[in-house]
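Engineer:
Put into structure tokens, the structure is as follows:
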């Protein structure tokens, strides 16, 4: 083996370091996505409150616009970024097959990330449905108080699930750092 080959094992381009960098980036992006989803949920709750209180339709339209901005400008691009980073992580996973202990940690994190992305995708779809449903309701269809409460509870559960996924990712990250 040449001296140059030995240097490559510790270079930032080594598979292990690339995976570690990508994992850090994914965790950061998951936090950003969580924050964006929480912001959209806050806008959604504000929307429901306005509907309950009989706020003028123009104000409701503004609130719907706020949710759509979260979806289009923040949540959907961040979700796409996470999908791209996950694919990159999968690509590097093949390079790490020789390192079994690291692969076990990597696989745990990969599974956590897949779960978190799936939950984020579900939340995005749900928020899109809320916008669509709210637009229909503004056009004259009924929207019961129970339906609003159910949606708010579902929002809170989704936010909690995302927080738990991020915490699981942090735990695996600590395990990887300690190994």
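In my numbering, the protein residues as written are 32 to 210.
Backbone N, C-alpha and C fix where the C-beta goes; we use that ideal spot for every residue, glycine too.
Please go through the same chain and pick out, in chain order, the residues whose beta-carbon is closer than 7 angstroms to the beta-carbon of residue 139, but skip the five residues on each side of it.
Structural biologist: Taking the first residue of the chain shown as position 1, residue 139 is located at position 108. So the qualifying residues of the chain are 203.
Engineer: Alpha carbons only, please: which of 58, 45, 94 and 48 is nearest the one belonging to residue 201?
Structural biologist: Taking the chain shown and counting its residues from 1, the one referred to as residue 201 is at position 170. Minimum Cα distance to residue 201 is reached at 58.
Engineer: Rounded to whole angstroms, what's the CA-CA distance from residue 114 to residue 150? Just pull it up for me.
Structural biologist: The count along the chain shown starts at 1 and reaches residue 114 at position 83. The count along the chain shown starts at 1 and reaches residue 150 at position 119. For residue 114 and residue 150, the distance between alpha carbons rounds to 13 angstroms.
Engineer: When you compare only the Cα positions, how much space is there between residue 163 and residue 47?
Structural biologist: Counted from its first residue, the chain shown places residue 163 at position 132. Counted from its first residue, the chain shown places residue 47 at position 16. So the alpha carbons of these two residues sit roughly 44 angstroms apart.
Engineer: Given residue 49, which residues of its chain have a CB within under 6 angstroms of its CB, disregarding the five upstream and five downstream residues?
Structural biologist: In the chain shown, counting from the first residue as 1, residue 49 sits at position 18. Counting only Cβ-Cβ distances below 6 angstroms, and skipping sequence neighbours, we find 123.
Engineer: Determine the closest residue to residue 194 out of 182, 54 and 69, with distance taken between C-alpha atoms.
Structural biologist: Numbered from its first residue, the chain shown carries residue 194 at position 163. Nearest of 182, 54 and 69 to residue 194, Cα basis: 69.
Engineer: Does DSSP classify residue 81 as helix, strand or coil?
Structural biologist: On the chain shown, position 50 is the one that residue 81 refers to. Correct three-state label for residue 81: helix.
Engineer: From what residue to what residue does the alpha helix (DSSP H) around residue 100 run?
Structural biologist: For the purposes of this step, residue 100 is taken as the residue at position 69 of the chain shown. Residue 100 -> alpha helix (DSSP H) spans 88-100.
Engineer: Across the region 65-83 and the region 101-109, are there enough close Cβ pairs to call them in contact, namely three or more that are closer than 8 angstroms?
Structural biologist: Yes, since at least three Cβ pairs between the region 65-83 and the region 101-109 fall closer than 8 angstroms, the two stretches touch.
Engineer: Would residue 186 be called buried (16 or more neighbouring beta carbons within 10 Å of its own) or exposed?
Structural biologist: By one-based count along the chain shown, residue 186 stands at place 155. Looking at its Cβ environment, which holds 16 or more other Cβ atoms inside 10 Å, residue 186 is buried.
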